[in-house]
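First to last, the sequence lines map onto chains A and S. According to our numbering, the first sequence is numbered sequentially starting from 1252. According to our numbering, the second sequence is numbered sequentially starting from 214. Cβ atoms here follow ideal geometry from the backbone N, Cα and C, with glycine treated the same way. Before any comments, here is the structure.
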Amino acid sequence: MDSKGEKAMRRASREYMFLCLTIGTVVGMSLVGMGCSTHVPPVELDQARMAYAQAQADPQVSTRAPVALREAEESVRRAEQTWDKEKDVREVQNLAAVAQQRVELARAAAVQKQAEVDVEQLGAERERVLLEARTREAQRAQEAAERAQREADRAYQQARSATTRTSLLEQELTTVRQEAAAQEQAAREQATKAQAKPSHCKRGTRCHSKK
Amino acid sequence: MASKQAVIQLLLLCGAMGLSSCAGTPPTATLSQADLAVQQASKSKAPEYASLELYMAREQLTSAQEAMKHKEYTQARRLAERALVNAQLAETKAQAEQTRRTAEELRQSIETLRSEAAQQASRRQ
């Protein structure tokens, strides 16, 4: 009985000790873990990672500013590596802040590049609009000149036909005058002839006495 | 005797550690780089279009120079790194803003030309 009881007690105490050891180990390990968990990476590192991921996902940034984006990526990576190697919170905070600004720099570079493209395109468009306006102006001027020319031509033609008519009339007038003069002359001659030799004087000399 | 030696060794170790924490090589190159970047940004349109970033860069540079005076080289280097990137950001932001405004002016000028042309066309009709 005694030996059996002793055996049982010994077993129980052994089990108790085992339990204590297990608990102790677990507690100890969790304490160590807690000790490690104070070395969580600073918030800034996560923020920098997220900022970079967002910029990378933005096609404007990734296509317009690939070089600046790669620099930002390198900056984030340097912060991560420093954290992995040194666990220096303040150093990593600083590196992460720099990395965040590098992401901002990539965004600004993308805006700049886009604006440059816009300026180039708008400059070309402005040239085109100016050229169109100038062409239209020239066309308008030419049309006006043509209209003026047509009017001048018409006026000249009118003047010419008027002149022709005038000269025709003048000719006609001259002809009429000449005819009239000739008729007058003929009439005058006839009259003188009639006075000089009246018909009843032809036969005798009495006419002379009458004179 | 042995304990005395241990104390001396400990003191030496502490001194070395103390020295290494504040000494090291002064970050002269980083500081002059930051200084140059701030000067360059000040000459650009940054005071007008990116005043906040430029202000931050200037503040950080001043703090970095202060830290250098006190031989806090690690702090000086960190501040100079921040000042450098902020100065670069200020300059790029200002440049982008300026280009964006040029584009806007061009857009308006095209608009004016087009409306003038439309007015002339309607006047002739």
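Asked	Found
Cut-off 7 Å between Cβ atoms - residues of its own chain near residue 1316 of chain A, not counting five sequence neighbours on either side	1357, 1360, 1361, 1364
Pair within 8 Å by beta-carbon distance, residue 1352 of chain A and residue 302 of chain S	yes
Below-8 Å beta-carbon distance, residue 301 of chain S vs any chain A residue	yes
Where the alpha helix (DSSP H) through residue 1374 of chain A begins and ends	1340-1447
Residue 247 of chain S to residue 284 of chain S span [Cα, whole Å]	18 Å
Same chain only: Cβ atoms within 7 Å of residue 1320 of chain A, ignoring 5 sequence neighbours per side	1306, 1307, 1312, 1313, 1357
Three-way DSSP call (helix, strand, coil) for residue 1310 of chain A in this model	helix
Proximal chain S residues relative to residue 1359 of chain A, where beta-carbon distance stays under 7 Å	302, 305, 306, 309
Boundaries of the alpha helix (DSSP H) in which residue 306 of chain S is found, first to last residue	286-337
Cβ-Cβ separation, residue 1299 of chain A to residue 1347 of chain A (assumed contact under 8 Å), whole Å	4 Å
Pick from A:1296, A:1370, A:1263, A:1423 that is closest to residue 1354 of chain A, judged by C-alpha positions	A:1296
Three-way DSSP call (helix, strand, coil) for residue 1327 of chain A in this model	helix
Sequence-distant residues of the same chain with beta carbon closer than 7 Å to residue 1287 of chain A, five excluded per side	For residue 1287 of chain A, the predicted model reports a pLDDT of 48, less than 50, meaning its position is unreliable and no value from the coordinates is stated.
Supposed close pair residue 276 of chain S, residue 265 of chain S - CB separation, criterion 8 Å	In fact, because the Cβ distance is near 17 Å, the residues do not count as touching under 8 Å.
Of the residues S:334, S:319, S:328, the one placed nearest residue 1378 of chain A, counting alpha carbons only	S:319
Reduced DSSP category for residue 281 of chain S - H, G, I as helix; E, B as strand; rest coil	helix
Within-8 Å CB hit, residue 298 of chain S to chain C	In the displayed structure, chain C is absent; the protein chains listed are A and S.
CA nearest to the CA of residue 1385 of chain A, picked from S:309, S:327, S:278	S:327
Against chain A: residues of the region 315-328 of chain S by CB proximity under 8 Å	315, 316, 319, 320, 322, 323, 326, 327
Residue 1404 of chain A versus residue 1440 of chain A: straight-line alpha-carbon distance, rounded	53 Å
Neighbouring residues, chain S, relative to residue 1340 of chain A (Cβ below 7 Å)	Residues of chain S passing the Cβ test: none, with the nearest at roughly 12 Å.
Within chain S, partners of residue 1348 of chain A - CB distance below 8 Å	295
Residue environment, residue 1268 of chain A, which counts as buried when at least 16 other CB atoms sit within 10 Å	exposed
Within 7 Å of chain S by C-beta, residues of the region 1365-1379 of chain A in sequence order	1366, 1367, 1369, 1370, 1373, 1374, 1376, 1377
Cβ neighbour criterion (16 or more within 10 Å) applied to residue 1284 of chain A	Note that residue 1284 of chain A has pLDDT 47, beneath the 50 cutoff, so the model's placement of it is unreliable and no number is given.
6 Å CB neighbourhood of residue 325 of chain S in its chain, flanking five on each side removed	none
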